[in-house]
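UniProt numbering applies: residue 1 is where the sequence shown begins, and numbers increase by one.
First up is the structure itself, then whatever we jot down about it.
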Amino acid sequence: MLSISKQYKIRFTILILIILIISPSFNAVAALKTPSEADKEILRAEVEKIYNIRSSCLVSGDTSPLKEVFDSSKKLGKYTLEHEIKRVKYLKKWSEDRGIQFKNIQSFVRVKRVMPRGSFVRLALEESYKFDYIYKDDPEPKLNSFGVGIRHTTSLARKNDKWVISSDWYTDCFEDALQSFTADAEPPSTPPNYNFFAEKKTLNTSVRYGAYDRLKAIAYADKYCGAAWGSGNDFKYNPKYMDFNGAGGDCTNFVSQALGDKEGGGLSQDGSWRCPLTKYGRASGSRAWSNADGLKEYLIYSGKGSIVKVGTFKELAIPTPSNPDPAISKLDFGDIVCYEKGRGNIDHFALITSFDSHGYPLVNSHTTDRYHVPWDLGWGDKKIRFFLIRIH
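Here it is in structure tokens:
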């Protein structure tokens, strides 16, 4: 006859075996207590697979597959799912309004850190998007591509024997355009036809000695664009400079680098706008160098820049019978777009680095890293105004 202690041990062992058999989620997460490189690669592949399901929804406009890969049973998961649905709806409307059709959107993931947290796994990662699009009414559509780079803190959990996302925190490239969208179903509407088509610009490669070199400014912005698809330098910022992500954003600092670094545009620095480099890197610069309000004021009052026009997207970009050449068409390679969120609140800077097959200006920027992205994408809130600045 077994003693009580032996009976208890047998029952306890049987209970543990049952838990392990019927609960693969417990087994899978517990095994990651000390994740190996192989575990890290498995998780990277799982997240990339989920992100590409989401990317296919951005192309099709169908949000139903999202419900299978985001865990909405808890508050954070529900919020995450609703946010992704709003992103799909926004991109669908933005593209339809411009006669654009996305042919493919693909995500590439680089995991930086794996942090097991009991019933779930938290990942710090970078995502590089590649967007391919055409103008659908063109007789011979030309494929255009741009890239976006986003840094995530993502939580994965096991549900029904598969990995799902339970929360996902990131600086969204569409964030400032989502306020007017909900996750609820909406009736279809007829989109406006903005029909923007400007003459394709060519970059003048001749530069006066000591003048702003637009070609080098663009090359700098492409090389150090960060996590975005298309960027150079192994998806890294220039280590000579401070990275202000997490401390107000790095967009203004990046534009100043492209304008004023010797490797970039070579615009002359002075006592107000400067960033003396240090032996060990991480130079931070003056207020005018790294602060959005400061840079806008400096460019205008120093004469190094001039405002072409200030206004909403429609005021700047939509041709009319009385104004067939809208203000946005007057900007050139290496010029600047400054973004205002409510009167007097300068929030963002971007550098014009290219133009697509319809002459639509494309920009590079930091924080949410953008490589040759349509200049207004993600900036759809009615309070947004754009400052179009020509650099001299």
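Note that the Cβ used here is the ideal one computed from N, Cα and C, for glycine as well.
Comparing C-alpha distances from Phe108 to each of Leu388, Thr312, Gly147 shows the shortest one belongs to Gly147. In this structure, the beta-carbon distance from Ala217 to Gly265 falls below 7 angstroms.
Three or more beta-carbon pairs separated by less than 8 angstroms are not found between the segment 131-139 and the segment 152-161, which leaves the two stretches without contact. Listed as beta-bridge partners of Thr153 by DSSP are Ala124, Trp169. Contact check between the segment 49-66 and the segment 96-115: three or more CB pairs, one atom from each, fall below 8 angstroms, which counts as touching. Taking a C-beta distance under 7 angstroms as the contact criterion, Asn253 and Ser306 do not qualify as a contact pair.
About 4 angstroms separates the CB atoms of Trp273 and Ala288; that is less than 8 angstroms, so the two are in contact. In the DSSP assignment, Ala219 falls within the alpha helix (DSSP H) that extends over 214-223. Distance from the Cα of His372 is smallest, within the candidate group Cys275, Ala221, Phe349, for Ala221. Counting C-beta pairs with one atom in each stretch, the segment 240-253 and the segment 341-352 have three or more that are closer than 8 angstroms, which means they touch. The C-beta distance from Ala227 to Arg151 rounds to 7 angstroms, short enough to fall under 8 angstroms. Between Ser286 and Ala292, the alpha-carbon positions lie close to 11 angstroms from each other. When DSSP states are grouped into helix, strand and coil, Tyr298 belongs to the helix group.
Remark: fewer than three beta-carbon pairs, one from each stretch, lie closer than 8 angstroms, so the segment 179-188 and the segment 331-342 are not flagged as touching.
Of all C-beta pairs linking the segment 373-385 to the segment 161-180, three or more are shorter than 8 angstroms, placing the two stretches in contact. Residue Arg87 holds the alpha-carbon nearest to the alpha-carbon of Phe174 among Thr202, Arg87, Phe102. Exposure of Trp169 is indicated by the presence of fewer than 16 other C-beta atoms within 10 angstroms of its C-beta. Relative to the Cα of Lys93, the nearest Cα in the group Leu125, Ser60, Gly118, Leu66 belongs to Ser60.
For Gln257, there is no enclosing beta strand (DSSP E); the residue is part of the alpha helix (DSSP H) that begins and ends at 251-260. The C-alpha of Asp138 lies about 20 angstroms from the C-alpha of Pro324.
Restricting attention to Lys142, Glu127, Phe387, the CA atom closest to the CA of Glu297 is found in Phe387. Classified as buried, Leu295 has 16 or more neighbouring CB atoms from the shown chains inside 10 Å of its CB.
For Asp39, the secondary structure class from DSSP, reduced to helix, strand or coil, is helix. With a contact defined as Cβ atoms closer than 8 angstroms, Asp376 and Phe313 qualify at about 5 angstroms.
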